[in-house]
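Residues 44 to 149 in the numbering used here are what the sequence shown spells out, letter by letter.
Idealized CB from N, CA, C, for every residue including glycine.
First the structure, in the form of structure tokens, and then the observations on it.
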Amino acid sequence: MTTRDRVLSMCSLAARAGAVKSGEFSTEKSIKDGRARLVIVAEDASDNTKKMFTDMCRYYEVPLHIFGTKEELGHWIGKAYRASICILDEGFAKSVIKKINLNMEV
């Protein structure tokens, strides 16, 4: 299993635990409500989407990573294509961040 698969697998676990919101509207609402612990935006999301979430996460001080494709993000959380997801649980968020950082070192 690659590090990339481990990241997406952890997102899948978080989704099954009910700790994931997905789609632009739900992700944005979770950030503004202060519930988001990590935001992941797909690498193939539009530049406008990336900029909007980058600016919003910087303002609300929520970690953000550009990772995976829309197809991968959606597949691993059991949905259709998703340009953005957010993880609401601190433990899952820290675990995903750790695995993303490992992926970047490879």
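CA nearest to the CA of Ala-79, picked from Met-44, Glu-114, Ala-62, His-118: Position 36 of the sequence shown, counting from 1, holds the residue named residue 79. Nearest C-alpha to Ala-79: Ala-62.
Environment of Leu-145 [buried if 16+ CB atoms lie within 10 Å]: To locate residue 145, count along the sequence shown from 1; it is residue 102. By the neighbour-count rule (16 or more Cβ atoms within 10 Å), Leu-145 is not buried but exposed.
Reduced DSSP secondary structure (H/G/I, E/B, other) of Ser-127: In the sequence shown, residue 127 corresponds to position 84, counting from 1. Correct three-state label for Ser-127: strand.
Per-residue DSSP class, three states only, for Val-105: Sequence index remark: in the sequence shown, residue 105 carries index 62 (1-based). Three-state result, Val-105: coil.
Beta-carbon spacing of Glu-71, Thr-112 below 8 Å: Reading the sequence shown from its first residue, position 28 is the one you call residue 71. Reading the sequence shown from its first residue, position 69 is the one you call residue 112. No; because the gap between Cβ atoms is not below 8 Å, this pair is not in contact.
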